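A short write-up of the structure that comes next.
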Amino acid sequence: MGFFTDGITVSFKNTESAIYNGFNYTRTTTNMISTASKVVLVFTPFYSLLVDLFTYRQYFFLITTAVQTLLFFILYLITLKKDYTLPVWAMITIMLTYKLFTTVFLAAFYSYLAVTIPKSIRGIAFGFNNSVLSVSYYIGSEIISRLVSDTRKAMLFSTIMALVGFGISVLIWILNARLNDTLNKDRI
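The opening position of the sequence shown corresponds to residue 1073 in our numbering, with each subsequent residue numbered one higher.
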């Protein structure tokens, strides 16, 4: 699941320029969109606190991956029109929402690893996780680099990856229910 979320993030970063060009945004406008969406990252400790206070991680996974899928699907639908356009405020809203939900996902995901992995192998598990995520960066980048000339295909690829991530979130939710709420054993 983290593989797909991080893969999507890297893939999207690789296509952002083409997407913005497709919307005929100027360089100043794209810088404004990029800067505005990074404001969300300043508040990451608050999102982490939210995850710590309401430790139902499986719901954070479901909600965040569902929103990511929806956002990519909306962008894909917009690019299906022949001369597609999107007001700058709408793109800023989409990017802010995307960054917010990705940040919440990552806060839940990394605390999920800490809760479910035995302390004796936690370092190995985090190292393995980072290796898997690095592979997703490479695979996502390689696929997107072949699609970047066609924004529609790139958005479809991102939507499919987000959908698979959502499917994995559903699977985790089901498994967690069957395993007596293992994800939330640290809940107070």
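Here a beta-carbon is modelled for each residue, glycine too, at the ideal position from N, C-alpha and C. A quick note: this is a predicted structure, and the numbers were derived from the prediction, not measured.
Practice task
Would you check if the segment 1098–1117 and the segment 1166–1175 touch, i.e. whether three or more CB-CB distances between them fall below 8 Å?
Solution key: yes
Handout entry: Tyr-1184 versus Lys-1171, Ile-1150, Phe-1132, Ile-1105, residue with shortest Cα-Cα distance
Key = Phe-1132
Exercise for the section: Ignoring anything shorter than 4 residues or poking outside the segment 1137–1194, list the alpha helix (DSSP H) runs there in chain order. Expected result: 1160–1188
Handout entry: Bounding residues of the alpha helix (DSSP H) (the contiguous stretch that carries Tyr-1119)
Key = 1116–1125
Problem - Backbone secondary structure at Tyr-1131 - three-state DSSP - result: helix
Exercise for the section: Return the residue from the list Phe-1181, Tyr-1092, Thr-1157, Pro-1159 that minimises the CA-CA distance to Ser-1120. Expected result: Phe-1181
Practice task
State the Cα-Cα distance for the pair Thr-1175 and Asp-1253, rounded to the nearest angstrom.
Solution key: 23 Å
Exercise for the section: Output the boundary residues of the alpha helix (DSSP H) element that contains Thr-1223. Expected result: 1223–1250
Exercise for the section: Assign Ser-1241 to buried or exposed, taking buried as 16 or more other Cβ atoms, counted over all protein chains shown, within 10 Å of its Cβ. Expected result: buried
Handout entry: Straight-line Cα distance separating Asn-1096 from Leu-1205
Key = 32 Å
Exercise for the section: Give the straight-line distance between the Cα atoms of Pro-1117 and Leu-1158, rounded to the nearest whole angstrom. Expected result: 31 Å
Handout entry: Assigned exposure category for Asn-1202 - 16 Cβ within 10 Å defines buried
Key = exposed
Exercise for the section: Could you check the C-alpha separation between Phe-1198 and Gly-1237 for me, to the nearest Å? Expected result: 19 Å
Practice task
Output yes or no for whether 7 Å exceeds the beta carbon distance between Thr-1223 and Gly-1094.
Solution key: yes
Problem - Which listed residue (Leu-1235, Ile-1246, Leu-1243, Trp-1245) has its alpha carbon closest to that of Asn-1148 - result: It is worth fixing the name first, because residue 1148 is Tyr in this sequence and not Asn. The candidate whose alpha carbon is nearest that of Tyr-1148 is Leu-1235.
Problem - Distance CB(Met-1227)-CB(Thr-1151) smaller than 7 Å - result: yes
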